[in-house]
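Reading through the structure tokens given below for one structure.
This is how it looks when you write it as structure tokens:
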């Protein structure tokens with residue numbers, strides 16, 4: 015979230031998994047871990063997204079609003095956000111959790127993201143947290159409305175690639191144009207093979223467009239192994 019985590023701060027607590035704290039019980043004074051902050055952050059996210067859904071969809075009944083909120087504040091979506099921001103590299107894990115790939119576990123990443131939101135709420139207040147995360151969740155909400163509740167192209171692609179290839183997609187983004195009117199082009203790769211290209215007015219928009227193309231290609235590839243390679247796109251080009 016772009017916030018510092020000096021040693022001993024509430025942000026360090028947010029990054030401390032209970033496995034790290036428990037392994038040090040016999041060595042020193044008990045360390046706090048992030049589960050209480052996770053509980054708080056979950057409530058903060060629910061409130062912010064509820065407010066967003068309420069104001070952006072005044073015509074929708076309560077049942078639809080609840081579905082939209084659930085689609086956005088979803089563990090899979092939060093894990094994708096955490097992974098995109100490189101959060102896993104900063105989590106304090108115990109040796110056992112580290113050995114089992116804890117830094118890449120979706121549930122652990124999502125929980126840590128919630129804990130950071132809780133820490134930011136205590137440190138900066140609700141308005142400051144909302145200012146940072148509302149733009150992100152607004153894009154996710156638009157995806158849910160456009161493609162059906164719970165849809166996020168990047169999350170859907172990641173799950174499909176993990177199932178098909180036991181690996182994860184990677185993105186490379188380039189930009190062009192003046193600061194006030196930048197355009198972005200994203201290329202998504204699976205095992206260094208280009209699977210999709212997309213453009214947009216933001217990095218996230220371009221990555222989602224690339225993910226949608228990659229999903230279509232991955233689905234087609236399962237039926238036709240003779241697909242032609244995807245061509246790269248220049249940063250100043252636009253996807254049709």
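In the numbering used here, the protein residues as written are 15 to 254.
The beta carbon of each residue, even a glycine, is placed where N, CA and C say it ideally should be.
Being a predicted model, the structure only gives us computed values, none of them experimental.
Simplified DSSP state of residue i, which is helix, strand or coil
i           : result
residue 67  : helix
residue 240 : Below a pLDDT of 50, predicted positions are generally treated as unreliable, and residue 240, at 43, falls in that range; the measurement from the model is reported next regardless. Coil.
residue 140 : helix
residue 205 : coil
residue 186 : strand
residue 148 : helix
residue 212 : strand
residue 87  : coil
residue 197 : strand
residue 54  : helix
residue 191 : coil
residue 155 : helix
residue 45  : coil
residue 252 : Residue confidence for residue 252 is low, a pLDDT of 44 falling below 50, so the modelled location carries little weight and cannot support an answer.
residue 130 : helix
residue 39  : coil
residue 29  : coil
Pick from the options that is closest to residue i, judged by C-alpha positions
i           : options            : result
residue 283 : 215, 107, 135      : Residue 283 is absent from the model: the chain starts at 15 and stops at 254.
residue 100 : 85, 119, 83        : 119
residue 24  : 137, 233, 145, 160 : 137
residue 141 : 126, 183, 188, 63  : 63
residue 204 : 227, 75, 113       : 227
residue 235 : 209, 157, 159, 130 : 209
residue 233 : 175, 117, 200      : 175
residue 86  : 129, 122, 147      : 147
residue 190 : 184, 200, 183      : 200
residue 183 : 98, 50, 46         : 98
residue 167 : 231, 59, 57, 75    : 231
Element boundaries [alpha helix (DSSP H), containing residue i]
i           : result
residue 73  : Per DSSP, residue 73 belongs to no alpha helix (DSSP H) and is neither H nor E.
residue 167 : 167-179
residue 226 : 217-235
residue 33  : 32-36
Between the CA atoms of residue j and residue i - distance to the nearest angstrom
i           : j           : result
residue 132 : residue 48  : 9 Å
residue 229 : residue 155 : 20 Å
residue 220 : residue 198 : 6 Å
residue 125 : residue 102 : 11 Å
residue 115 : residue 72  : 43 Å
residue 217 : residue 33  : 34 Å
residue 95  : residue 39  : 32 Å
residue 67  : residue 160 : 14 Å
residue 77  : residue 70  : 15 Å
residue 128 : residue 224 : 27 Å
residue 35  : residue 89  : 23 Å
residue 53  : residue 206 : 38 Å
residue 79  : residue 65  : 10 Å
Any alpha helix (DSSP H) of 4 or more consecutive residues that is wholly inside the region 101-126:
Runs of the alpha helix (DSSP H) inside the region 101-126: 109-113.
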